[in-house]
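Okay, structure first, notes after.
Chains as they are written, first to last, in our numbering: chain L, 1 to 778; chain G, 1 to 285.
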């Protein structure tokens with residue numbers, strides 16, 4: 001069951017054109033993805049192409065004594081073997097800090113770190129060539145404990161502490177009548193996208209290269225590739241290929257430099273396509289974390305102070321760790337009024353796999369901690385946990401623990417009440433046995449099952465923060481089509497990663513120009529950057545850029561019409577000439593031209609750059625207006641637990657989500673369902689299992705993700721309060737579903753079992769072996 | 001990945017298969033469905049030089065009534081076993097267990113002989129056949145011999161079959177209506193291997209338990225019987241307390257593996273819980 005109820009009134013400017021903003025317009029790539037004709041980057045092909053393959057370190061920490069590639073080079077069919085010595089430009093790349101070697105040179109710092117790459121005429125030959133490369137490693141003791149890493153000898157010249165973010169807010173000595181304390185842990189989640197990393201690099205005749213690649217941010221890839229290849233950026237051109245999911249894992253460079261280097265070295269097109277195992281080793285994961293919290297409240301239930309120490313394991317290289325710990329720290333108090341705060345967030349280097357962006361980006365880790373604390377506090381106060389949240393809910397005009405006052409919308413009460421209002425699912429007695437824990441395996445019977453209900457609320461920022469110059473570029477071209485109808489073409493470098501940006505771009509143009517037919521040019525670097533498809537930012541940023549380009553097109557067109565038809569558009573009179581419903585009309589006169597007539601055979605094209613309102617860096621006390629806007633969601637989870645086996649069935653997740661405005665309600669609902677799937681996954685099954693620094697489950701046989709059989713019913717309410725300053729009033733919708741859904745599921749399992757459950761994912765033995773033993777089920 | 005090169009031999013009879021194995025010795029492997037073998041070959045964990053395909057050996061297919069037992073041809077597919085009227089009537093537990101193997105595609109290609117000869121203690125068949133006291137029939141150039149299930153599974157992916165021996169039939173004792181049965185398979189996602197499984201067979205006798213047999217899946221390098229449980233139940237009252245007390249002994253003497261799915265203590269715990277549930281369901285069935 002789903003419902004979409006607005007709590008604000010939103011004017012919907014509808015013309016005769018359908019599929020505009022607010023409609024559930026169909027995805028242009030929907031049917032091809034369903035019928036199998038959509039070309040993913042793994043389908044890329046070029047005549048005479050070679051296959052690239054990466055040799056990776058089997059050790060989490062080792063000194064490289066020597067690398068001997070001679071035997072590999074001599075294999076028939078091998079065209080090139082490259083190592084660190086062959087990287088012509090910067091030896092390192094990185095999203096925020098250029099600290100990660102293209103190929104390990106003297107040391108390897110994580111299991112799976114690239115050491116060499118091969119190009120061969122067949123992928124199997126490339127694989128055998130990698131096996132023939134002789135690397136002499138001297139194994140070192142890996143540094144694996146993030147807490148110990150803070151003071152340990154550095155494993156990298158830049159040191160182990162990537163960032164320590166300190167927040168001091170209000171009266172740090174304040175105390176309350178009631179305190180609760182807890183330590184919480186999260187394992188390493190993987191983005192687990194379906195389409196493994198793949199790309200095709202084609203060298204040109206002038207020393208440059210074209211790269212076709214699935215990524216989240218073409219320009220930042222281009223800049224890193226160009227720097228490592230020692231080429232000017234104009235000689236490295238990137239085009240987006242079909243992306244099979246991203247969720248943050250494609251924000252960092254994986255094979256981009258390797259495949260381009262091999263193409264330039266061989267003078268032939270080179271394709272790389274990771275296996276599932278290599279994909280697990282070759283991209284960043286969600287930061288595992290350990291969070292200590294102490295909350296202080298009055299006897300009446302008003303929050304007084306939060307103390308927190310958050311340690312995230314960034315793995316061997318920095319990736320986006322600085323921004324992740326910023327989110328975890330800035331949002332450490334949750335969406336609640338918290339007058340006083342002492343937060344220390346650390347993100348450190350270890351010899352574990354590098355961690356970076358994943359849906360929710362730091363906010364997920366913090367939410368798991370503070371929401372467990374809110375439940376503990378409610379229990380200590382003897383009040384209903386939802387009422388405690390409502391009592392302390394943030395509202396517009398309140399300030400965060402960073403001192404930032406919320407100027408935009410903050411419908412925290414509304415999302416909580418919307419989640420709570422959904423009917424609960426029926427009792428276990430009324431359900432088919434296949435819906436019990438264990439599902440079709442039928443290991444549970446009704447008598448074995450206990451039900452629990454849990455609640456959680458979360459929030460995070462939209463778009464980039466801390467003074468980053470965040471912008472998006474788009475161009476719109478309006479012209480007469482071959483059939484005599486107007487057609488608009490949108491060009492942007494924004495990456496469609498499955499979220500539906502391509503639909504939104506079409507919807508914006510339809511609404512702004514009244515043109516039914518909107519063509520999307522492939523995303524590439526021949527236009528300016530659109531920024532990353534991350535941080536729930538593209539609907540706002542590229543939506544804003546497309547809207548601005550449409551307005552510029554309109555302006556150009558109207559001035560052309562004014563000139564051609566002698567209409568006075570000086571000063572305020574300009575407002576009298578409008579484009580509406582696909583017509584150019586003069587409000588006072590009888591001028592009425594179709595768009596095609598107005599174009600008069602000459603296309604109009606405009607490029608616009610959109611920026612959101614500026615943000616500022618945080619000061620030494622972690623204070624500042626670092627974020628442009630905030631988005632909120634509440635989740636209520638209902639679970640059945642077979643306590644003897646430790647099996648959990650998540651029956652239902654009900655949610656209220658702050659969306660600003662739903663630009664495409666079906667797509668928003670899809671984002672909510674998908675985000676909840678990942679939240680449920682982190683709660684009960686998803687973890688990259690590490691064993692002494694080595695990844696033990698680099699496959700979908702052993703890394704479990706929810707399937708259709710595991711997915712709960714989702715009951716969603718879209719809370720619509722248009723955000724001032726955001727194009728169309730829309731906030732991003734991709735991340736909020738993952739932030740508090742995990743915490744809600746765990747709260748429900750605690751409710752069913754009475755166990756404390758301080759760690760996710762909950763493993764069956766945490767419940768089964770704790771039950772009746774008096775243990776706390778960590 | 002692509003398997004290493006191999007020679008492919010298709011045989012039309014058991015005799016031809018035995019000849020092929022005799023000729024090539026340990027370099028040869030039988031192909032009997034291939035749902036376990038081919039993935040291993042693609043990963044190059046199995047590198048047979050000669051693959052002897054039993055797919056066209058019709059004499060190995062089908063279920064026959066052999067008086068006091070059923071004889072199931074080694075190349076009978078899981079789907080055929082599950083839907084065979086004789087199996088369903090006389091040995092329903094095998095139909096139930098077979099229904100838990102893989103997915104429909106696997107069950108239409110995979111065979112009972114292949115599943116046994118693969119010798120995987122995490123597979124569903126071995127524990128069931130052990131609990132049934134089934135007998136395996138094998139042929140080599142010298143003739144035919146019978147091997148009890150207890151002697152057949154000898155180690156991790158190892159069986160008592162000699163390199164030149166072909167598993168031809170599985171003999172299943174017929175169970176009359178006094179027997180109840182149940183298979184409990186614990187897996188975290190559907191269509192995965194059992195993390196632990198418990199297969200129970202219980203013979204009811206005047207309100208008491210005449211005999212109980214419990215086979216455990218994935219609790220060691222070979223399938224094992226829960227002998228402590230069986231001993232306590234022989235002649236016991238069919239009462240909840242007796243079942244609970246007996247099931248508590250299910251993991252005695254086992255040495256469960258550790259992997260990313262479960263540690264040994266949790267596997268032992270699962271064995272106890274699943275054995276109890278399987279016994280309860282057996283008595284109710």
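Glycine is no exception: its CB is placed at the ideal position from the N, C-alpha and C atoms. Nothing here was measured: the structure is a model prediction, and the numbers come from that model.
Asked	Found
What does residue 702(L) touch in chain G if you count any residue whose Cβ is under 7 angstroms from its own?	260
What are the residues that DSSP puts in a beta bridge with residue 167(L)?	343(L)
Give me the Cα-Cα distance between residue 726(L) and residue 612(L), rounded to the nearest whole angstrom.	8 angstroms
Alpha helix (DSSP H) containing residue 228(L): first to last residue?	218-229
When you check each C-beta in the stretch 186-215 of chain G against every C-beta of chain L, which residues fall closer than 8 angstroms?	186, 187, 188, 189, 190 and 192
Roughly how many angstroms separate the alpha carbons of residue 286(L) and residue 389(L), rounded to a whole number?	27 angstroms
Give the interface partners of residue 340(L) over in chain G, defined as CB-CB distance under 8 angstroms, in chain order.	Near residue 340(L) there are no residues of chain G at all, since even the closest Cβ is about 43 angstroms away, more than 8 angstroms.
DSSP on residue 554(L), reduced to helix/strand/coil?	helix
Less than 8 angstroms between the beta carbons of residue 376(L) and residue 631(L), yes or no?	no
When burial is assigned at 16 or more other CB atoms within 10 Å of the CB, is residue 171(G) buried or exposed?	buried
For the stretch 460-526 of chain L, which segments carrying the alpha helix (DSSP H) assignment without a break, of at least 4 residues, lie completely within its bounds, in sequence order?	501-513
At the level of alpha carbons, what is the spacing between residue 141(L) and residue 355(L)?	20 angstroms
Could you check how far apart the C-beta atoms of residue 540(L) and residue 732(L) are, in whole angstroms? I think they sit under 8 angstroms.	6 angstroms
Which first and last residues belong to the beta strand (DSSP E) in which residue 16(G) is found?	No beta strand (DSSP E) contains residue 16(G), which is instead part of the alpha helix (DSSP H) from 14-24.
Report the residue from 603(L), 298(L) and 28(L) whose alpha carbon sits nearest the alpha carbon of residue 481(L).	603(L)
What are the start and end residues of the alpha helix (DSSP H) that includes residue 279(G)?	264-284
Just to confirm my understanding: we take residue 496(L), look at its own chain, exclude 5 residues before and 5 after, and list those with CB closer than 6 angstroms. What are they?	502
Anything in chain G within Cβ reach of residue 689(L), meaning under 8 angstroms, just list it in chain order.	260
Can you find a CB in chain G that lies within less than 8 angstroms of the CB of residue 768(L)?	yes
In chain order, what residues of the same chain lie with their CB nearer than 8 angstroms to the CB of residue 244(L), ignoring the 5 residues before and after it?	40, 41, 42, 193, 194, 195, 196, 214 and 498
Are any of the Cβ atoms in chain G nearer than 8 angstroms to that of residue 833(L)?	What is shown of chain L runs 1 to 778, which leaves residue 833(L) out entirely.
Could you check if residue 401(L) is buried or exposed, using at least 16 other CB atoms within 10 Å of its CB as the buried criterion?	buried
Taking residue 75(G) as the reference, give the member of 169(G), 258(G), 91(G) and 22(G) with the closest Cα.	169(G)
Buried or exposed: which applies to residue 12(L), given that a residue is buried once 16 or more other Cβ atoms fall within 10 Å of its Cβ?	Reliability of the predicted coordinates at residue 12(L) is poor, the pLDDT of 42 falling under 50, and no value is obtained from them.
For residue 24(L), collect the residues of the same chain with a Cβ closer than 6 angstroms to its Cβ; drop the 5 residues on either side in sequence, then sort them by chain order.	664, 665 and 666
Would you call residue 8(G) buried or exposed, if buried means 16 or more other Cβ atoms sit within 10 Å of its Cβ?	exposed
Could you compute how far the alpha carbon of residue 533(L) sits from the alpha carbon of residue 736(L)?	15 angstroms
Output, in chain order, the set of chain L residues within a Cβ distance shorter than 8 angstroms of residue 38(G).	What residue 38(G) touches in chain L: nothing, since even the nearest Cβ is about 16 angstroms away.
Terminal residues of the continuous beta strand (DSSP E) containing residue 305(L)?	303-313
Name the one or two DSSP bridge partners that residue 703(L) has.	Its beta-bridge partners do not exist; DSSP assigns none.
Looking at residue 624(L): is its Cβ nearer than 8 angstroms to the Cβ of residue 397(L)?	no
Closest Cβ-Cβ distance between residue 696(L) and chain G: below 8 angstroms?	yes
Listing by chain order, which chain L residues have their CB less than 8 angstroms from the CB of residue 293(G)?	In the structure displayed, chain G extends from 1 to 285; residue 293(G) sits before or after that span and is not available.
Please confirm whether any heavy atom of the ligand MN lies closer than 7 angstroms to the CB of residue 72(L).	In terms of ligand content, the structure shown is empty, and the ligand MN therefore cannot be addressed.
Between the Cα of residue 157(G) and those of 37(G), 278(G), 177(G) and 22(G), spot the shortest distance and give me the residue it belongs to.	37(G)
Would you say residue 124(L) faces chain G, with C-beta separation under 8 angstroms as the test?	yes
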